[in-house]
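A.B. asks: Structure in structure tokens, see below.
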Amino acid sequence: MTSRTATASKNTTPDDQPYDFNLNAVQAEVDLTPFRFLWATKDNPNRRFTMKHLQDLDVWDLMEAAEGGDISAMTGAFRAAMSEDDWKAFRAAPMPQYKLKALFDAYRRHCGAAEGESPASSGS
Numbered sequence: 670m671t672s673r674t675a676t677a678s679k680n681t682t683p684d685d686q687p688y689d690f691n692l693n694a695v696q697a698e699v700d701l702t703p704f705r706f707l708w709a710t711k712d713n714p715n716r717r718f719t720m721k722h723l724q725d726l727d728v729w730d731l732m733e734a735a736e737g738g739d740i741s742a743m744t745g746a747f748r749a750a751m752s753e754d755d756w757k758a759f760r761a762a763p764m765p766q767y768k769l770k771a772l773f774d775a776y777r778r779h780c781g782a783a784e785g786e787s788p789a790s791s792g793s
């Protein structure tokens, strides 16, 4: 195998060092439309919450949350996907587990995630 040099490679950085992959150039292959849902809060019976698309979330936060099991993975995804204000309002209301699961299932469907695919999955 021959070694590559800056002059032999089209892929170089401004410092003329070769590289094999430019992660900076990677773009999402899906539409990253946010997910919106309604949930009653203390001051608003139809508060609208917005969550970033699952593919747009920081994978490091998701992997840490997934270490705690399914419920931890779901709540970790919600926390990562919501603004701080939305998360505080969402978390302040009691949440039956069946509603959390239904919300997570709807969120996954919106994001095109397969059944059983964890939020920390690579998507490929």
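Okay, so the sequence shown: first residue is 670 according to the numbering used here, each after it adds one. Think of the CB as a built atom: it goes at the ideal place given N, C-alpha and C, for glycine as much as any other residue. Note that the structure is a prediction, hence the values are computed from the model and not measured.
Once DSSP output is grouped into helix, strand and coil, what is the label at Thr-702?
C.D. replies: For the purposes of this step, residue 702 is taken as residue 33 along the sequence shown, with counting starting at 1. Three-state result, Thr-702: coil.
A.B. asks: Would Leu-692 be called buried (16 or more neighbouring beta carbons within 10 Å of its own) or exposed?
C.D. replies: Indexing the sequence shown from 1 puts residue 692 at position 23. It counts as exposed.
A.B. asks: Classify Leu-723 as buried or exposed, calling it buried when 16 or more other Cβ atoms lie within 10 Å of its own Cβ.
C.D. replies: On the sequence shown, position 54 is the one that residue 723 refers to. Classification of Leu-723: buried, given that the 10 Å Cβ count is 16 or more.
A.B. asks: If you reduce the DSSP assignment to three classes, tell me which class Thr-744 lands in.
C.D. replies: Working through the sequence shown from its first residue, we reach residue 744 at position 75. Helix, per DSSP.
A.B. asks: My output table needs one value for Leu-726: the three-state DSSP class, helix, strand or coil.
C.D. replies: Mapped onto the sequence shown, residue 726 falls at position 57. Three-state DSSP puts Leu-726 in coil, outside helix and strand.
A.B. asks: Starting from Phe-718, trace the beta strand (DSSP E) both ways and give me its first and last residue.
C.D. replies: Locating residue 718 in the sequence shown gives position 49, counting from the first residue. Where Phe-718 is concerned, the enclosing beta strand (DSSP E) stretches over 716-720.
A.B. asks: What's the C-alpha gap between Asp-689 and Ala-758?
C.D. replies: Numbered from its first residue, the sequence shown carries residue 689 at position 20. Numbered from its first residue, the sequence shown carries residue 758 at position 89. Rounded to the nearest angstrom, the two C-alpha atoms are 45 Å apart.
A.B. asks: Taking one C-beta from the stretch 720-737 and one from the stretch 768-780 each time, how about it: are there three or more such pairs within less than 8 Å?
C.D. replies: A contact exists between the stretch 720-737 and the stretch 768-780.
A.B. asks: Less than 8 Å between the CB atoms is what I'm expecting for Ala-761 and Lys-711, so what's the real figure, rounded?
C.D. replies: Residue numbering aside, residue 761 sits at position 92 when the sequence shown is read from its first letter. Residue numbering aside, residue 711 sits at position 42 when the sequence shown is read from its first letter. That pair is a contact at about 7 Å.
A.B. asks: Alpha carbon to alpha carbon, what distance is there between Met-751 and Asn-713?
C.D. replies: Taking the first residue of the sequence shown as position 1, residue 713 is located at position 44. Taking the first residue of the sequence shown as position 1, residue 751 is located at position 82. Distance between the alpha carbons of Asn-713 and Met-751: 18 Å.
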